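For reference, each letter of the sequence shown is one residue, going 1486 to 1776 in the working numbering. Virtual Cβ for every residue (Gly too), placed ideally from N, Cα, C. The structure displayed is predicted, hence computed values, not measured ones. Here is the structure we will look at.
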Amino acid sequence: MDQELHVFVTVVEKANFSHAAEVLHITQPAVSRYIKNLESKMNAKLLERNNKMVQMTKAGEIVYHHAKEILSLYEKMNVLVADLMSQPSGKLSIGASYTFGEYILPHIIATIRAEFPQINPSIMIGNTREIVHQVASRHIDVGIIEGKMTDEHVAMERFSVDSLVVVVSAGHPLAQKEVVSFSDLEDETWIVREQGSGTREATEQMFADHRFTPGSVMEFGSTQIIKESVEAGLGVSFLSTWTIRKELALGTLKVLDLPGFPVQRQFTLVTQDTEFQTKAMEVFLRVLKQG
């Protein structure tokens, strides 16, 4: 049935029988036969056709969703079996939330590639919710997140600690103050990440822990934009020390000395709930945990 599912998925994604036939290198009548056989086995009509387009029925949507997962598992099974007799190699899809993905992961990938050049990693950057969803739906192999989240369809493991601090521009009046209190920050504009971000979650938790309500908030979807905005004097922010190393070295940002800071949080590893791993994945996990 795997060939029938493959043909069905291709027809759905190309939205056209003839285009699917071209991609699959088979005839259009052969495509029609595969679809007819699958519909017979499912005892349901899966596709509606008109002169130009193909659309899924409700049953077709269910089959498409599960067919993608089945084909992904089938491909992974073949990879795992072939992987037993080979050196670590092949594709490895990694998802990471912004702090880890943009500031730490590139160094890990460089270490892996130096020793195992046949491993071919691809990286997806997204917020915590997106990464967990992508691992759970088997669109990526592994994820690293900053926020707290649970999902019964994935395995999670804390593996490293991150530190977060309050930062201002080097020219900000508070940058010259030896010790700062939250009362000094009441009139400041806080520049924060978007909802769903691990850093946003940590920021809101920090506000709650200190019973602090910012008077003004600006929300941006990128840590880089936040850093640029703070440097420009638009406000203050709460960021990971990993993200501001260059700015601190250049002297463009200043960490405020607040009681109880820096704040610690955990980086969490997210993997598919399976006991089998490729050698490429084993290498990645080893280097990741060695830190």
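(request) Determine the extent of the beta strand (DSSP E) in which asparagine 1535 is found, giving its start and end residues. (result) Translated into the one-based positions of the sequence shown, residue 1535 becomes position 50. That residue, asparagine 1535, is in no beta strand (DSSP E); it is neither H nor E in DSSP.
(request) Enumerate in chain order the residues of its own chain whose CB-to-CB distance from glycine 1575 is below 6 Å, with the five nearest sequence positions on each side excluded. (result) Translated into the one-based positions of the sequence shown, residue 1575 becomes position 90. Cβ within range, chain order: Ala1765.
(request) Out of Ser1725, Ala1640, Met1634, Ala1687, point me to the one whose CA is closest to glutamine 1757's CA. (result) Here residue 1757 refers to the residue found at position 272 when the sequence shown is read from its first residue. Ranking Ser1725, Ala1640, Met1634, Ala1687 by Cα distance to glutamine 1757 puts Ala1640 first.
(request) Please determine if the region 1621-1635 and the region 1677-1688 are in contact, where contact requires at least 3 C-beta pairs separated by less than 8 Å. (result) yes
(message) Could you compute how far the alpha carbon of valine 1665 sits from the alpha carbon of valine 1652?
(response) Here residue 1665 refers to the residue found at position 180 when the sequence shown is read from its first residue. Here residue 1652 refers to the residue found at position 167 when the sequence shown is read from its first residue. Between the C-alpha atoms of valine 1665 and valine 1652 there is a straight-line separation of about 11 Å.
(message) Less than 8 Å between the C-beta atoms of phenylalanine 1761 and leucine 1590, yes or no?
(response) Walking along the sequence shown from the start, residue 1761 turns up at place 276. Walking along the sequence shown from the start, residue 1590 turns up at place 105. Against a cut-off of 8 Å, the Cβ pair of leucine 1590 and phenylalanine 1761 comes out as no contact.
(request) State yes or no: is the C-beta of histidine 1657 within less than 8 Å of the C-beta of glycine 1580? (result) The residue you call residue 1657 lines up with position 172 of the sequence shown. The residue you call residue 1580 lines up with position 95 of the sequence shown. Cβ atoms of histidine 1657 and glycine 1580: not closer than 8 Å.
(request) Examine the Cβ distances between the region 1582-1600 and the region 1541-1548 and report whether three or more of them are shorter than 8 Å. (result) no
(request) Report the rounded CA-to-CA distance for lysine 1731 versus lysine 1526, giving the unit in angstroms. (result) Taking the first residue of the sequence shown as position 1, residue 1731 is located at position 246. Taking the first residue of the sequence shown as position 1, residue 1526 is located at position 41. Taking the straight line from one Cα to the other gives about 60 Å.
(request) Would you list the residues sitting across from proline 1606 in a DSSP beta bridge? (result) The sequence position of residue 1606 within the sequence shown is 121, counting from 1. Looking at the DSSP assignment, proline 1606 forms a beta bridge with Leu1577.
(message) Here's the rule: buried if 16 or more other CB atoms are within 10 angstroms of the residue's CB, otherwise exposed. What is glutamine 1619?
(response) By 1-based counting over the sequence shown, the position of residue 1619 is 134. Glutamine 1619 should be labelled buried.
(message) So for threonine 1737, helix, strand or coil by DSSP?
(response) The count along the sequence shown starts at 1 and reaches residue 1737 at position 252. Threonine 1737: coil per DSSP, three-state reduction.
(request) Can you give me the Cβ contacts of valine 1496 inside the same chain, cut-off strictly under 8 Å, excluding the 5 residues immediately before and after it? (result) For the purposes of this step, residue 1496 is taken as the residue at position 11 of the sequence shown. Once the five neighbours on either side are set aside, the close Cβ partners of valine 1496 are Phe1502, Ala1505, Val1516, Ile1520, Leu1532, Val1539.
(message) Please report the distance separating the alpha-carbon of leucine 1490 from that of glycine 1628.
(response) The residue you call residue 1490 lines up with position 5 of the sequence shown. The residue you call residue 1628 lines up with position 143 of the sequence shown. In a straight line, the C-alpha of leucine 1490 is about 28 Å away from that of glycine 1628.
(request) Could you tell me which residues DSSP puts in a beta bridge with leucine 1565? (result) In the sequence shown, the residue the question calls residue 1565 occupies position 80. Answer by DSSP bridge pairing: none, since leucine 1565 is not bridged.
(request) Just mark leucine 1738 as buried or exposed, buried being the case when its beta carbon has 16 or more other beta carbons within 10 Å. (result) Stepping through the sequence shown from its first residue, residue 1738 is reached at position 253. That one is buried.
(message) Can you tell me whether threonine 1495 is helix, strand or coil according to DSSP?
(response) Numbered from its first residue, the sequence shown carries residue 1495 at position 10. Residue state, collapsed to three classes: helix.
(request) Output the boundary residues of the alpha helix (DSSP H) element that contains glutamine 1619. (result) Position 134 of the sequence shown, counted from the start, is the residue given in the question as residue 1619. Counting along the chain, the alpha helix (DSSP H) containing glutamine 1619 begins and ends at 1613-1621.
(request) Closer than 7 Å by C-beta to threonine 1512: which residues in its own chain qualify, once you throw out the five before and the five after it? Chain order, please. (result) Here residue 1512 refers to the residue found at position 27 of the sequence shown. Around threonine 1512: Ala1506.
(request) Mark proline 1699 as exposed unless 16 or more other C-beta atoms lie within 10 angstroms of its C-beta, in which case mark it buried. (result) As a working note, residue 1699 is residue 214 in the sequence shown. Proline 1699 is buried by the Cβ-count criterion.
(request) For the alpha helix (DSSP H) holding aspartate 1694, just list the boundary residues, first then last. (result) Translated into the one-based positions of the sequence shown, residue 1694 becomes position 209. Taken as a continuous stretch (DSSP letters only), the alpha helix (DSSP H) holding aspartate 1694 covers 1683-1694.
(request) Alpha carbon to alpha carbon, how far is aspartate 1636 from isoleucine 1608? Give it in angstroms, no decimals. (result) As a working note, residue 1608 is residue 123 in the sequence shown. As a working note, residue 1636 is residue 151 in the sequence shown. When rounded, the distance between both Cα atoms is 21 Å.
(request) Ignore the nearest five residues each way along the sequence and tell me which others in tyrosine 1588's own chain have a CB closer than 7 Å to its CB. (result) As a first step, residue 1588 is located in the sequence shown; it is residue number 103 there, counting from the start. Counting only Cβ-Cβ distances below 7 Å, and skipping sequence neighbours, we find Trp1727, Thr1728.
(request) Using 10 angstroms around the beta-carbon of glutamate 1524, count the other beta-carbons present and answer buried if the total reaches 16, otherwise exposed. (result) Within the sequence shown, numbered from 1, the residue matching residue 1524 stands at position 39. Label assigned to glutamate 1524: buried.
(message) Give me the DSSP bridge partner(s) of glycine 1628.
(response) The sequence position of residue 1628 within the sequence shown is 143, counting from 1. DSSP lists Gly1580, Val1755 as partners of glycine 1628.
(request) State yes or no: is the C-beta of glutamate 1533 nearer than 7 Å to some heavy atom of the ligand ADP? (result) The ligand content of the structure shown is nil, which means the ligand ADP is not present either.
(request) Output the distance between the C-alpha atoms of aspartate 1487 and aspartate 1626, rounded to the nearest integer angstrom. (result) As a first step, residue 1487 is located in the sequence shown; it is residue number 2 there, counting from the start. As a first step, residue 1626 is located in the sequence shown; it is residue number 141 there, counting from the start. In a straight line, the C-alpha of aspartate 1487 is about 21 Å away from that of aspartate 1626.
(request) Enumerate in chain order the residues of its own chain whose CB-to-CB distance from tyrosine 1559 is below 6 Å, with the five nearest sequence positions on each side excluded. (result) Within the sequence shown, numbered from 1, the residue matching residue 1559 stands at position 74. Hits under 6 Å: Asp1487.
(message) Based on DSSP bridge pairs, tell me the residues matched to aspartate 1672.
(response) As a working note, residue 1672 is residue 187 in the sequence shown. Aspartate 1672 is not bridged to any residue.
(message) I need the boundaries of the alpha helix (DSSP H) containing arginine 1771, first residue and last residue.
(response) Position 286 of the sequence shown, counting from 1, holds the residue named residue 1771. Residues 1764-1775.
(message) On the criterion of 16 or more Cβ atoms from any shown chain inside 10 Å, does threonine 1759 qualify as buried, or is it exposed?
(response) Along the sequence shown, read from residue 1 onward, the residue named residue 1759 stands at position 274. Label assigned to threonine 1759: exposed.
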